[in-house]
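Undergrad:
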Amino acid sequence: MKILVCISKAPDTTAKIAFTDGDTKFDENGVQFIVNPYDEWYALVRGLELKEANGGSVTVLSVGRVDTDPIIRKALAIGADDAVRIDADTNDALYVAKQIANYAKENGYELVLCGKETIDYNGSQVAGMVAELMEVPYVSLTSKLDVAGSTATIERDVEGGVELIEANLPIVISSSKGMAEARIPNMRGIMAARSKPLTVVAPIEASNATSVKNFSLPAAKTGCKYVDADNVQELVNLLHNEAKAI
Amino acid sequence: MSVLIYADSNNGSLTKNALEAASYGAQVAQAKGGNAVAVVVGTANNIEQLGNYGVTKVLHVSDTTLDKFDPQKIAHVMATAAKQEGSETIIFAHDYSGKSIAPRLSAKLDAGLVTGAIALPNGNIIKKAVFSGKAFAEVEVNTSTQIISVLPNSVDKVETGGTAEVVALALELPSTGIKVKETKKESTELSLTEADIVVSAGRGLKGPENWGMVEDLAKELGAATACSRPVADIGWRPHHEHVGQTGIAIRPNLYFAIGISGAIQHLAGVNGSKVIVVINTDAEAPFFKAADYGIVGDAFEVVPKLLAAIKELKA
Ligand SMILES: Cc1cc2nc3c(=O)[nH]c(=O)nc-3n(C[C@H](O)[C@H](O)[C@H](O)COP(=O)(O)OP(=O)(O)OC[C@H]3O[C@@H](n4cnc5c(N)ncnc54)[C@H](O)[C@@H]3O)c2cc1C
Ligand SMILES: Nc1ncnc2c1ncn2[C@@H]1O[C@H](COP(=O)(O)O)[C@@H](O)[C@H]1O
Numbered sequence: 001m002k003i004l005v006c007i008s009k010a011p012d013t014t015a016k017i018a019f020t021d022g023d024t025k026f027d028e029n030g031v032q033f034i035v036n037p038y039d040e041w042y043a044l045v046r047g048l049e050l051k052e053a054n055g056g057s058v059t060v061l062s063v064g065r066v067d068t069d070p071i072i073r074k075a076l077a078i079g080a081d082d083a084v085r086i087d088a089d090t091n092d093a094l095y096v097a098k099q100i101a102n103y104a105k106e107n108g109y110e111l112v113l114c115g116k117e118t119i120d121y122n123g124s125q126v127a128g129m130v131a132e133l134m135e136v137p138y139v140s141l142t143s144k145l146d147v148a149g150s151t152a153t154i155e156r157d158v159e160g161g162v163e164l165i166e167a168n169l170p171i172v173i174s175s176s177k178g179m180a181e182a183r184i185p186n187m188r189g190i191m192a193a194r195s196k197p198l199t200v201v202a203p204i205e206a207s208n209a210t211s212v213k214n215f216s217l218p219a220a221k222t223g224c225k226y227v228d229a230d231n232v233q234e235l236v237n238l239l240h241n242e243a244k245a246i
Numbered sequence: 001m002s003v004l005i006y007a008d009s010n011n012g013s014l015t016k017n018a019l020e021a022a023s024y025g026a027q028v029a030q031a032k033g034g035n036a037v038a039v040v041v042g043t044a045n046n047i048e049q050l051g052n053y054g055v056t057k058v059l060h061v062s063d064t065t066l067d068k069f070d071p072q073k074i075a076h077v078m079a080t081a082a083k084q085e086g087s088e089t090i091i092f093a094h095d096y097s098g099k100s101i102a103p104r105l106s107a108k109l110d111a112g113l114v115t116g117a118i119a120l121p122n123g124n125i126i127k128k129a130v131f132s133g134k135a136f137a138e139v140e141v142n143t144s145t146q147i148i149s150v151l152p153n154s155v156d157k158v159e160t161g162g163t164a165e166v167v168a169l170a171l172e173l174p175s176t177g178i179k180v181k182e183t184k185k186e187s188t189e190l191s192l193t194e195a196d197i198v199v200s201a202g203r204g205l206k207g208p209e210n211w212g213m214v215e216d217l218a219k220e221l222g223a224a225t226a227c228s229r230p231v232a233d234i235g236w237r238p239h240h241e242h243v244g245q246t247g248i249a250i251r252p253n254l255y256f257a258i259g260i261s262g263a264i265q266h267l268a269g270v271n272g273s274k275v276i277v278v279i280n281t282d283a284e285a286p287f288f289k290a291a292d293y294g295i296v297g298d299a300f301e302v303v304p305k306l307l308a309a310i311k312e313l314k315a
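Which chain is which? The protein sequence lines are D and L, in order. Read in my numbering, the first sequence has 215 at position 215, and its numbers run on one by one without any break. Read in my numbering, the second sequence has 35 at position 35, and its numbers run on one by one without any break.
#1: Beta-carbon within less than 6 Å of HIS240 of chain D's beta-carbon, same chain only, minus the 5 sequence neighbours each way: which residues are those?
#2: Kindly indicate which residue of L:LEU109, L:ALA107, L:ALA135 and L:PRO304 has the alpha-carbon position closest to the one of GLY333 of chain L.
#3: Hey, could you find the ends of the beta strand (DSSP E) PHE136 of chain L is sitting in?
#4: What residue range is occupied by the uninterrupted beta strand (DSSP E) comprising HIS76 of chain L?
#5: Within 8 Å, do at least three Cβ pairs link the stretch 167-181 of chain D to the stretch 64-73 of chain D?
#6: Tell me whether PRO218 of chain D sits in a helix, a strand or coil according to DSSP, three-state version.
#7: Going by C-alpha to C-alpha distance, which of L:LEU306, L:ALA129, L:ALA21 and L:ASP110 sits closest to ALA218 of chain L?
#8: With DSSP run on the structure shown, which of helix, strand or coil describes GLN265 of chain L?
#9: Per DSSP, what kind of secondary structure is PHE92 of chain L in: helix, strand or coil?
#10: Use the C-beta contact count for PRO70 of chain D: other C-beta atoms within 10 angstroms, 16 or more gives buried, fewer gives exposed.
#11: Name, going along the chain, the residues of the stretch 279-301 of chain L whose beta-carbon falls closer than 8 Å to a beta-carbon of chain D.
#12: Output, in sequence order along the chain, the residues in the stretch 108-119 of chain L whose CB is closer than 8 Å to any CB in chain D.
#13: Check each residue's C-beta against every heavy atom of ligand 2 and list, in chain order, those closer than 7 Å.
#14: Does the stretch 209-218 of chain D come within contact of the stretch 42-54 of chain L, defined as at least 3 CB pairs closer than 8 Å?
#15: Kindly indicate which three-state DSSP category VAL236 of chain D falls into: helix, strand or coil?
#16: Just to check, is the beta-carbon of ASP282 of chain L closer than 7 Å to a non-hydrogen atom of ligand 1?
#17: Using 8 Å for Cβ pairs, my map puts ARG156 of chain D next to VAL162 of chain D. What's the rounded Cβ distance?
#18: Output needed for GLU215 of chain L: all residues of its chain with C-beta closer than 7 Å, excluding positions within five of it in sequence on either side, in chain order.
#19: Is PHE300 of chain L near ligand 1, going by C-beta to nearest heavy atom under 7 Å?
#20: Name, please, each residue of chain D whose Cβ falls closer than 8 Å to the Cβ of ARG104 of chain L.
#21: By alpha-carbon positions, which one of D:GLY223, D:LEU133, D:THR24 and D:PHE19 ends up nearest to GLY30 of chain D?
#22: Using beta carbons (cut-off 8 Å, strictly below), is LEU238 of chain D in contact with chain L?
#23: What residues of chain D sit near GLU20 of chain L, judged by a beta carbon separation below 7 Å?
#24: Excluding the 5 residues flanking MET7 of chain D on each side, which residues of the same chain have their C-beta closer than 6 Å to its C-beta?
#25: Please state whether DSSP places ILE78 of chain D in a helix, a strand or coil.
#26: In the DSSP assignment, find the unbroken beta strand (DSSP E) run with PHE300 of chain L in it and report its ends.
#27: Say whether the stretch 111-130 of chain D touches the stretch 225-242 of chain D, bearing in mind that this needs 3 or more beta-carbon pairs closer than 8 Å, one atom from each stretch.
#28: What does the Cβ neighbour count give for VAL200 of chain D, buried or exposed, with the cut at 16 atoms within 10 Å?
#29: Just to make sure I have the definition right: I need the residues of chain L whose C-beta is within less than 9 Å of the C-beta of PRO218 of chain D. Which are they?
#30: Are the CB atoms of VAL199 of chain L and LEU192 of chain L nearer to each other than 8 Å?
#31: Going straight from the alpha carbon of ALA53 of chain D to that of LYS9 of chain D, what length do you get?
#32: Listed from N- to C-terminal order along the chain, which residues in the stretch 161-192 of chain D have their beta-carbon within a distance smaller than 7 Å of any beta-carbon of chain L?
#33: I need the boundaries of the beta strand (DSSP E) containing VAL126 of chain D, first residue and last residue.
#34: Considering only the alpha carbon of each residue, which of L:GLY86, L:PRO71, L:PRO174 and L:MET213 lies closest to SER2 of chain L?
#35: Using only the heavy atoms of ligand 1, determine whether one of them is closer than 7 Å to the beta carbon of ALA180 of chain D.
#36: Helix, strand or coil for ARG251 of chain L, going by three-state DSSP, please let me know.
Written out as structure tokens, the structure reads:
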């Protein structure tokens with residue numbers, strides 16, 4: 001089975017969020033970049049497990065500029081066979097999805113694994129768009145995935161429960177918690193990653209359907225009102241009369 | 001020009017998120033001087049109630065094959081309805097259903113999509129939360145058709161007292177390679193993303209055997225329960241209760257954080273809550289910086305007192 005895992009570059013979860021250029025750009029100064037957690041922990045690792053069980057190959061694909069290469073090498077160190085970077089800016093989900101769908105179709109991938117969302121722009125968009133452009137099924141928020149022959153068996157989180165799904169390959173999946181256990185690259189993996197192929201390809205022509213005009217930070221909380229631990233009744237009064245929350 | 005809204009249902013009833021999306025769509029329609037038209041698929045009861053949120057027409061595709069969720073089919077329904085109604089704005093809820101359908105529709109119509117909107121659009125510009133709620137972005141849609149999904153619990157529903165005409169929509173559905181075999185719902189539990197009040201606890205509670213008081217408090221308040229990531233990881237609580245950057249993001253009206261330190265990744269998933277109450281033994285716990293009300297104290301003493309005081313209030 002040919003497996004494609006789509007990975008995106010994301011700021012570390014503890015990164016300070018600030019903006020520059022009149023609040024139009026994310027301030028990357030001093031920010032550590034990582035593989036988007038859902039892509040690494042769940043999509044990539046489950047892809048590797050399926051390959052280990054059923055044979056085949058795992059390719060990682062990222063749309064981005066050359067500063068994406070370190071996170072691609074990390075994915076190779078965890079165990080992907082080879083990597084592709086589509087050399088383009090990533091300002092719009094539909095633009096990115098068109099690049100991924102085109103590559104996946106041309107190269108006959110049967111299973112496309114994405115994360116449930118990127119932790120920077122929080123789109124939850126790209127995977128579903130890729131599926132529509134490939135005209136194949138899409139299952140979002142997958143928490144369990146198995147493949148036997150050309151059939152995928154899937155568990156997906158829905159409001160207050162799970163849905164059990166059967167689908168034919170090819171398919172696009174967005175991965176969430178439960179699908180796999182994160183793996184840490186070992187020394188051998190890191191050494192091997194250096195010599196694995198990372199192919200850079202040019203993007204196809206497409207336009208941006210959306211563009212970010214500006215960013216802002218939420219207003220800081222005005223301060224916590226403390227209530228004495230011996231006077232819990234007072235908290236209830238405040239929640240009832242002041243906050244009108246109960 | 002009409003605004004089209006996808007109104008999702010669950011076991012035959014419209015969801016709270018669907019009513020919010022309907023109200024949002026109706027307000028957009030009003031601003032643009034058009035009508036709000038909702039689409040409902042499969043078996044669903046009492047769909048005329050959408051009129052009370054400003055919808056004037058409901059297109060009902062009653063085909064029962066749509067009782068099994070298939071986003072590919074629903075995207076086809078939405079594309080057909082958008083064409084029929086000449087809709088250039090299409091609204092979803094940013095929930096499990098919207099996350100599956102809206103991106104497909106965006107690619108199908110080659111229309112710009114903004115997910116997780118937290119305010120009504122300003123022309124073609126829509127405000128949404130980014131960086132896991134740590135910032136906001138204003139996003140412009142450059143295509144003539146715009147698709148917006150609304151973050152649950154972030155835009156107030158407006159009841160208009162109006163009525164909606166229900167019209168059957170019959171269409172040929174595409175065959176797809178997907179089949180829902182079964183849906184397992186824990187129907188007694190209140191869904192976390194839809195709950196107005198959430199009672200959440202962390203490692204400060206020491207062990208799963210101590211969650212009784214958390215559940216009692218939640219029950220008394222009609223609240224859902226949640227937990228921090230390590231608590232789900234060690235197996236004290238089920239995974240679907242894990243909130244935060246890598247769990248579920250929630251925006252209830254009231255969030256209780258009991259014995260949770262307030263790590264940045266936890267805050268990322270809950271900082272959209274309107275009112276935050278923190279109970280922690282450590283006065284230096286970072287959560288107090290994000291709190292509206294705080295008690296520095298031992299959860300094992302404070303929570304039972306809190307429960308008693310709330311019972312008294314409700315009595
Ligand atoms: C990439 C990444 C993603 C992450 N994503 C998430 C996420 O989505 N959600 C999440 O929650 N975490 C996430 N984390 C973990 C996060 O960094 C914290 O480790 C975690 O939130 C801490 O959980 P906690 O507050 O329950 O436990 P602790 O940090 O151990 O805090 C326990 C708290 O309880 C208090 N306490 C102790 N005894 C009592 C008592 N008797 N009464 C009252 N208070 C008491 C203590 O003072 C302390 O503040 C993530 C981490 C990483 C690296
Ligand atoms: N630039 C990118 N390159 C490769 N994959 C991406 C890119 N952006 C997003 N994805 C994939 O799409 C998923 C959802 O992203 P998003 O729609 O931005 O939340 C991510 O978890 C990735 O798997």
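Virtual Cβ for every residue (Gly too), placed ideally from N, Cα, C.
TA: The structure says:
#1: In the same chain as HIS240 of chain D, and ignoring 5 residues on each side of it, the C-beta atoms closer than 6 Å to its own belong to ILE246, in chain order.
#2: Within the shown structure, residues of chain L are numbered from 1 to 315, placing residue 333 of chain L beyond reach of any answer.
#3: 135-141
#4: First-last for HIS76 of chain L: 71-85, but that is the alpha helix (DSSP H), not the beta strand (DSSP E).
#5: A contact between stretches requires three or more CB pairs, one per stretch, nearer than 8 Å, and the stretch 64-73 of chain D fails this requirement with the stretch 167-181 of chain D.
#6: coil
#7: L:LEU306
#8: Assignment of GLN265 of chain L by DSSP, reduced to helix, strand and coil, places it in the helix class.
#9: strand
#10: exposed
#11: PHE288, LYS289, ALA290, ALA291, ASP292, TYR293, GLY294, ILE295, VAL296, GLY297, ASP298 and GLU301
#12: LYS108, ASP110, ALA111, GLY112, LEU113, VAL114, THR115 and GLY116
#13: D:CYS6, D:ILE7, D:SER8, D:ASN36, D:TYR38, D:ASP39, D:ALA43, D:LEU61, D:SER62, D:VAL63, D:GLY64, D:THR90, D:ALA93, D:VAL96, D:ILE100, D:CYS114, D:GLY115, D:LYS116, D:GLU117, D:THR118, D:TYR121, D:ASN122, D:GLY123, D:SER124, D:GLN125, D:VAL126, D:ALA127 and D:SER174
#14: Three or more beta-carbon pairs separated by less than 8 Å are not found between the stretch 209-218 of chain D and the stretch 42-54 of chain L, which leaves the two stretches without contact.
#15: helix
#16: yes
#17: ARG156 of chain D to VAL162 of chain D, Cβ: 7 Å. Contact.
#18: So the list reads THR225, once near-sequence residues are dropped.
#19: yes
#20: GLY128, MET129, ALA131, GLU132 and TYR138
#21: D:PHE19
#22: yes
#23: What GLU20 of chain L touches in chain D: nothing, since even the nearest Cβ is about 14 Å away.
#24: Note that residue 7 of chain D is Ile in the sequence shown here, rather than Met. The answer, listed in chain order, is VAL35, ASP39, VAL60, SER62 and ALA75.
#25: helix
#26: Premise fails: PHE300 of chain L lies in the alpha helix (DSSP H), 299-314, not in any beta strand (DSSP E).
#27: no
#28: Classified as exposed, VAL200 of chain D has fewer than 16 neighbouring CB atoms from the shown chains inside 10 Å of its CB.
#29: ALA129, GLY133, LYS134, ALA135, PHE136, ASN271 and GLY272
#30: no
#31: 28 Å
#32: GLY161, VAL162, GLU163, LEU164, ILE165, GLU166, ALA167, ASN168, LYS177 and GLY178
#33: Segment 126-134 is the alpha helix (DSSP H) holding VAL126 of chain D; no beta strand (DSSP E) there.
#34: L:GLY86
#35: no
#36: coil
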